[in-house]
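A.B. asks:
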Amino acid sequence: MSIPGSNLLNMALTVIQQQTVQYYQYSTRSLNVIGQDVTVYLDVVNIVGSWQPVPRNLYQSYGLDLQKEYFTFYTSNNILDIKRDVSGDQMVVNGSRYQCQSNVEWYNLDGWNAVLCVFIGAS
2 MSIPGSNLLN MALTVIQQQT VQYYQYSTRS LNVIGQDVTV YLDVVNIVGS
52 WQPVPRNLYQ SYGLDLQKEY FTFYTSNNIL DIKRDVSGDQ MVVNGSRYQC
102 QSNVEWYNLD GWNAVLCVFI GAS
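Residue numbers (this note's numbering): 2 to 124.
Here you go:
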């Protein structure tokens, strides 16, 4: 039985392998000398969760760009996705950097999130 607040992800991570990723939490934006917004991140921290590729056969139904690589990161951390006037958080996994694009938020109800991440380049 599923009970709100029981954190099903933490239970699952006792059975399945968890991964450690480098997490860059969005802090603020500031203007550089030529007037462009530059995103500022807090110092990197390691967080754990389950890093899973999004199956390519789901890209079209999710409205994803077929030319990009997407992963879902399941974590008990409260991750910020891209929103109006906010750049969102970023992660580095195996030397590749990913933008946290959208968040299926179960954090307030059950203590975990499913974060859709898109590859943006080498770290």
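Where a beta carbon is used, it is the ideal one built from N, C-alpha and C, also for glycine.
If you're wondering where the values come from, they're calculated on a predicted model, not measured in any experiment.
Which value, in whole angstroms, describes the spacing of the CA atoms of Tyr63 and Val105?
C.D. replies: 13 Å
A.B. asks: In angstroms, rounded to a whole number, what distance separates the CA positions of Ile17 and Met92?
C.D. replies: 21 Å
A.B. asks: By Cβ distance, which residues of its chain are closer than 6 Å to Leu43, with the 5 residues on each side in sequence left out?
C.D. replies: Gln26, Ser28
A.B. asks: Use the C-beta contact count for Ser88: other C-beta atoms within 10 angstroms, 16 or more gives buried, fewer gives exposed.
C.D. replies: buried
A.B. asks: Under 7 Å Cβ to Cβ from Ile80, same chain only, skipping five residues before and after it: list those, please.
C.D. replies: Asp90, Cys101, Asn104, Asn114, Val116
A.B. asks: Among all the DSSP beta bridges, which residues are the ones paired with Leu65?
C.D. replies: BP columns for Leu65 are empty, so no partner.
A.B. asks: According to DSSP, is Asn47 helix, strand or coil?
C.D. replies: strand
A.B. asks: How long is the line joining the alpha carbons of Lys69 and Val34, rounded to whole angstroms?
C.D. replies: 32 Å
A.B. asks: Give the straight-line distance between the Cα atoms of Thr76 and Trp107, rounded to the nearest whole angstrom.
C.D. replies: 10 Å
A.B. asks: What beta strand (DSSP E) runs, 3 residues minimum, are completely inside the region 73-115?
C.D. replies: The qualifying runs are 91-94, 97-106.
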